[in-house]
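These protein sequence lines are chains W and U, in that order.
The numbers in the first sequence follow the working numbering, run straight up by one, and end at 155.
The numbers in the second sequence follow the working numbering, run straight up by one, and end at 1155.
There are 2 protein chains.
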Amino acid sequence: MADIARVAQLTRATVYRHFPNRDALEAAIRSEALARASGALAEGRLDEGTALEVLRRVIQALSAQGMSLRFMLLQGPDSDPEFLAQRAQVLSPLVDVVRRGQREGLLHEDLAPEWIVTAMASLLVAAVRAAPSPDADVAEMVHRTLMSGVATAAS
Amino acid sequence: MADIARVAQLTRATVYRHFPNRDALEAAIRSEALARASGALAEGRLDEGTALEVLRRVIQALSAQGMSLRFMLLQGPDSDPEFLAQRAQVLSPLVDVVRRGQREGLLHEDLAPEWIVTAMASLLVAAVRAAPSPDADVAEMVHRTLMSGVATAAS
DNA sequence: TCAAAATGAGACACTGACGTCTCGTTTCAC
DNA sequence: GTGAAACGAGACGTCAGTGTCTCATTTTGA
């Protein structure tokens, strides 16, 4: 709490005037992260264009959020079940887009849609963490790596 | 420390008989993780076969370590500089393998070798975390996703 | 068997983080 | 200008985690 207050350029007491306790603040952070992710997905216009175009836009919108989504993007199954459920609810439309892409023959069908979304999120966080500078087009690199992989041809 | 002692089926006092303080225990954990990662890379026989074959073996060996390497695999640039340096030293031979693969035309040259290694580590941790059951061949899925991507054709 | 080492159990002081409170000051809106 | 709201600056009690210590018990190894 002291570190948060320092970063926010506030006194610790003032932080407690905004959030009654630490749990409430963490809940607000989680809620904010869910809202930002939801907004990024909306910005991706999940219904427009092919699944590949949607994924490119979604990656772009999510990477624009920087590190503020890393908590919600790479959550393991050992976290708060309620938050995990909300997270799954936010991400489920994206999973549906992946399913659509698989039906359209644009994405491999022998990979689980949930895994594809998880891989996207994982690469996204890794790329943003490796390059905190917002000017680099992290989104393009992630999209390229996720879609085509790193090899020049299938082995 | 109480949780660690409970998991280890020891008393908290006994844990302090093995490690003088919390910092020493964490240092031992980091050292153990570095040793396991180094062993996994040795198991990958970095000099045998093409870079693609090496990466397949390395992914196999690293995934066999389960979640014990997640700390060292997805470290950000905000960690202990000394540990980061040791980590880079352990992983640098793998980066060299990627460079070799790029020179041989097996890996795309417009992706940074460090990014390819980071992407591999990130996908590995995500996959193992999503499927803690050791029987599933997580390694194959990670290798496939990393090498060929999730799309059926380049966009 | 027996001595040494390792462990269990519990008490203890110390430290840092948490949350609350008060008072004085600053900022804002009308 | 003035009242209200927000903030700064502390002090304060509480509590959980850390590390130490002692003594009884168990386990190990020769």
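Quick reminder that beta carbons are idealized off the backbone N, C-alpha and C, glycines included.
Does the beta-carbon of threonine 145 of chain W have 16 or more other beta-carbons within 10 angstroms, so that it is buried, or is it exposed? In the first sequence, residue 145 of chain W corresponds to position 145, counting from 1. Buried: at least 16 other Cβ atoms inside 10 Å.
Whose CA, out of W:Gly149, W:Val142, W:Ala153, W:Ile116, lies closest to the CA of alanine 185 of chain W? The structure shown does not extend to residue 185 of chain W, since chain W is modelled only from 1 to 155, so the question has no answer here.
Output needed in chain order: residues of the stretch 1021-1052 of chain U with a Cβ under 7 Å from some Cβ in chain W. Leu1052
Beta-carbon contacts of leucine 91 of chain W that lie in its chain and below 7 Å, excluding the five residues immediately before and after: Numbered from its first residue, the first sequence carries residue 91 of chain W at position 91. Result list for leucine 91 of chain W: Val117, in chain order.
Please decide whether serine 1092 of chain U counts as near chain W, where near means a Cβ-Cβ distance under 8 Å. Taking the first residue of the second sequence as 1, we reach residue 1092 of chain U at position 92. Not one chain W Cβ lies under 8 Å of serine 1092 of chain U.
Let me make sure I understand the geometry here. Which of W:Ala35, W:Ser133, W:Ala42 has the alpha-carbon closest to that of glutamine 86 of chain W? Within the first sequence, residue 86 of chain W is the residue found at index 86, counting from 1. It is W:Ala35 whose Cα lies nearest to the Cα of glutamine 86 of chain W.
At a CB-CB cut-off below 7 Å, which residues of chain U make contact with arginine 129 of chain W? In the first sequence, the residue the question calls residue 129 of chain W occupies position 129. Ordered by position in chain U, the residues that pass the 7 Å Cβ test against arginine 129 of chain W are Gly1076.
Rounded Cβ spacing between methionine 1001 of chain U and arginine 1022 of chain U (contact assumed at less than 8 Å): For the purposes of this step, residue 1001 of chain U is identified with residue 1 of the second sequence, where counting begins at 1. For the purposes of this step, residue 1022 of chain U is identified with residue 22 of the second sequence, where counting begins at 1. Contact holds; Cβ gap of about 6 Å.
Contact check, serine 63 of chain W vs leucine 107 of chain W, beta carbons under 8 Å: Counting from 1 along the first sequence, the entry for residue 63 of chain W is found at position 63. Counting from 1 along the first sequence, the entry for residue 107 of chain W is found at position 107. Result no, Cβ atoms of serine 63 of chain W and leucine 107 of chain W do not sit closer than 8 Å.
Express the C-alpha separation of tryptophan 1115 of chain U and glutamine 1075 of chain U in angstroms, rounding to a whole number. The residue you call residue 1075 of chain U lines up with position 75 of the second sequence. The residue you call residue 1115 of chain U lines up with position 115 of the second sequence. Answer to the nearest angstrom: the Cα atoms are 13 Å apart.
Quick one: give me the first and last residue of the alpha helix (DSSP H) that threonine 145 of chain W is part of. Position 145 of the first sequence, counting from 1, holds the residue named residue 145 of chain W. Start and end: 138-148.
Check whether the Cβ of histidine 108 of chain W lies closer than 8 Å to any Cβ atom in chain U. Here residue 108 of chain W is taken as the residue at index 108 of the first sequence, counted from 1. Histidine 108 of chain W has a beta carbon lying within less than 8 Å of a beta carbon in chain U.
Beta carbon proximity, glycine 1105 of chain U to chain W, threshold 8 Å: As a working mapping, residue 1105 of chain U is identified with position 105 in the second sequence. For glycine 1105 of chain U, the answer is yes, since a Cβ of chain W falls inside 8 Å of its Cβ.
Would you report the Cα separation of aspartate 1137 of chain U and isoleucine 1059 of chain U, rounded to the nearest angstrom? Reading the second sequence from its first residue, position 137 is the one you call residue 1137 of chain U. Reading the second sequence from its first residue, position 59 is the one you call residue 1059 of chain U. Rounded to whole angstroms, aspartate 1137 of chain U to isoleucine 1059 of chain U spans 11 Å at the Cα level.
C-beta atoms of glutamine 1102 of chain U and proline 1113 of chain U nearer than 8 Å: For the purposes of this step, residue 1102 of chain U is identified with residue 102 of the second sequence, where counting begins at 1. For the purposes of this step, residue 1113 of chain U is identified with residue 113 of the second sequence, where counting begins at 1. Cβ distance < 8 Å, so glutamine 1102 of chain U and proline 1113 of chain U count as in contact.
Give the range of the alpha helix (DSSP H) segment to which arginine 1014 of chain U is assigned. Residue mapping note: residue 1014 of chain U aligns to position 14 of the second sequence, counting from 1. Going by the sequence as given, residue 1014 of chain U is threonine instead of arginine. Unbroken alpha helix (DSSP H) run through threonine 1014 of chain U: 1012-1018.
Limits of the alpha helix (DSSP H) - the one that serine 1122 of chain U falls within: Locating residue 1122 of chain U in the second sequence gives position 122, counting from the first residue. 1113-1130 is the extent of the alpha helix (DSSP H) around serine 1122 of chain U.
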